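Just below is one structure, and these are the notes that go with it.
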Amino acid sequence: MANSTLADAKNAKNDEFYTQYPDIEKEISAYLEYNPDVFRNRTILLPCDDPEWSNFTKYFAQNFGRFGLKKLISTSYAEDSKIYKCGYQPTIFEECSPQYDKRKTTKNGKIYILMYDRTGDGKIDINDLDWHYLEGDGDFRSDEIIGLRDESDIIITNPPFSLFREFLTWIIESEKKFVIIGNINAITYKEVFPLIMNDKMWLGNGFHAGNAYFSTPFAKEYAEGVYNPETGLVKFRNVCWFTNIDHGRRHKPIPLMTMADNLKYSKHKEIKGKESYDYYDNYDAIEVPFTDAIPSDYDRVMAVPISFLDKYCPEQFEILGVTQRNDDPYKIKQYTKDEYSNANDLNARGVIIVDGKPKAMYARVLIKKKYL
Ligand SMILES: C[S@@+](CC[C@H](N)C(=O)[O-])C[C@H]1O[C@@H](n2cnc3c(N)ncnc32)[C@H](O)[C@@H]1O
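In the numbering used here, the protein residues as written are 212 to 583.
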């Protein structure tokens, strides 16, 4: 249900999902724990935000001094440019500001900057934020926001789901550090997987129990089980943080059993009692249906669920490819239509022969152990 919600959101181009303060705090704490100076003297850009109520802006403004930030910049996207309108009303804060402009309030994006103790109360915090209207609408692809990106050291946000690929390309071309939210299934995209494979991007610390909750002005449109009327939040299960900043969890090896022990004692009925792990028909790899069923003593190629990336420790495993792509050297067979009428579908997946028939599997990450 939650997955189809995200697909629906994408179809309807509803990008209005707002990140919760505790989720931001939990994620950012992981980078600070690993390196307390990770943000020291850095300029952070929070694009695709809405600084007046964004928890990203609130969190970094409140912690400006503690993190030793040099500058915080936060920008919003103009209401008139949004595809899914939220029934915009300027806040009292905006209306009461001397720079308030009726003609600009829905047409222009806004920029908030925090750099110094403007109020003179002896600390730098949210009250010291200075704001003005942007020249344009705040589109991250505009020259104006590209200029801010280039001036920054670290980019942090939950970008619009519908423009995730474009947003990631925009960040990667800047060669900046980043922490962004996206759908884990994006890892099979041709723009994304090479970054994961070449250790240029990895999964962040993660949402609590893998569930991400967002507020949205359209929450009530979601089905029960996805929308919680008590909290007013919608739940997505496949959402994760993508980053190129190091954190401790990714250096913790996954505790694993040997292949023999898995076959004897695994908690998964799909493994326990089998004679051996299934072998792919079109890949030179064994099928491992669960991350905790990866055999610790197998030193050839293994095809593991995408959710493995959440536990991936680069000292323990090497990433070799993904079964959704056609260009990896571990693919050993291409099917023809003479063999199977659905050859095209089969060629786009890893395939296992079950009772003499080909079964196309979910996307799998191909990995190999680095040490015993
Ligand atoms: C997923 S929401 C996240 C908002 C905020 N960063 C947060 O996490 O609470 C993405 C925001 O990006 C805005 N947006 C959509 N297209 C955009 C674009 N081309 N440039 C900048 N922002 C955009 C949406 O209107 C939406 O408010």
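Glycine included, each C-beta is placed from N, C-alpha and C at the ideal position.
Since the model is a prediction, treat every value here as computed from it, not as a measurement.
Rounded distance between the beta-carbons of residue j and residue i, thought under 8 Å
{"i": "H458", "j": "N422", "result": "That pair is no contact at about 19 Å."}
{"i": "A514", "j": "E498", "result": "5 Å"}
{"i": "L257", "j": "R360", "result": "That pair is no contact at about 11 Å."}
{"i": "F528", "j": "T368", "result": "Contact doesn't hold; Cβ gap of about 29 Å is too wide."}
{"i": "T502", "j": "K522", "result": "6 Å"}
{"i": "Y344", "j": "K313", "result": "Contact flag wrong, Cβ pair sits at about 11 Å."}
{"i": "V249", "j": "I456", "result": "6 Å"}
{"i": "L389", "j": "I395", "result": "Position check: residue 389 holds Phe in this sequence, whereas Leu was assumed. The Cβ separation is near 16 Å, so there is no contact."}
{"i": "Y433", "j": "V445", "result": "5 Å"}
{"i": "E227", "j": "T427", "result": "5 Å"}
{"i": "I365", "j": "K387", "result": "6 Å"}
8 Å Cβ shell around residue i - same chain, five flanking residues per side excluded
{"i": "T442", "result": "Y424"}
{"i": "V512", "result": "Y494, D495, A496, I497, L531, Y541, L577, I578, K579"}
{"i": "Q273", "result": "D336, I337"}
{"i": "Q310", "result": "W342, H343, Y344"}
{"i": "L583", "result": "Because the pLDDT of L583 is 49, which lies under 50, any placement of that residue in the model is unreliable, and the question is left without a value."}
{"i": "Y270", "result": "Y232, I235, E236, I239"}
{"i": "K463", "result": "C524"}
{"i": "L243", "result": "V249, F250, F278"}
{"i": "F375", "result": "G393, N394, A397"}
Beta-carbon contacts of residue i that lie in its chain and below 6 Å, excluding the five residues immediately before and after
{"i": "I324", "result": "I284, D341"}
{"i": "K570", "result": "I563"}
{"i": "G347", "result": "S353, E355"}
{"i": "I465", "result": "K522"}
{"i": "T316", "result": "P301"}
{"i": "N252", "result": "K281"}
{"i": "E263", "result": "T302"}
Residue i - partner residues in DSSP beta bridges
{"i": "I284", "result": "L256, I324"}
{"i": "R329", "result": "DSSP, once it has assigned bridges, lists no residue as partnering R329."}
{"i": "K579", "result": "E529"}
{"i": "D341", "result": "I324"}
{"i": "K446", "result": "Y424"}
{"i": "N439", "result": "L444"}
Neighbourhood of residue i by C-beta, 7 Å cutoff - its chain only, sequence neighbours within 5 removed
{"i": "D410", "result": "P525"}
{"i": "V403", "result": "L379, A397"}
{"i": "D260", "result": "F267, T268, S285, T286, S287, T368"}
{"i": "F351", "result": "P258, C259, F378, W381"}
Report task. Could I get the ranges of all uninterrupted alpha helix (DSSP H) runs contained in the segment 363 to 411, with 4 residues as the minimum, in chain order? Result -> Correct list: 375 to 383, 404 to 408.
Report task. Could I get the ranges of all uninterrupted beta strand (DSSP E) runs contained in the segment 493 to 574, with 3 residues as the minimum, in chain order? Result -> Along the segment 493 to 574, the beta strand (DSSP E) occurs as fully enclosed runs of 3 or more residues at 513 to 516, 528 to 533, 562 to 565, 568 to 571, listed in sequence order.
Query - Minimum length 4: unbroken alpha helix (DSSP H) runs contained in the segment 267 to 316 - result: Segments of the alpha helix (DSSP H) lying fully in the segment 267 to 316: 275 to 278, 303 to 306.
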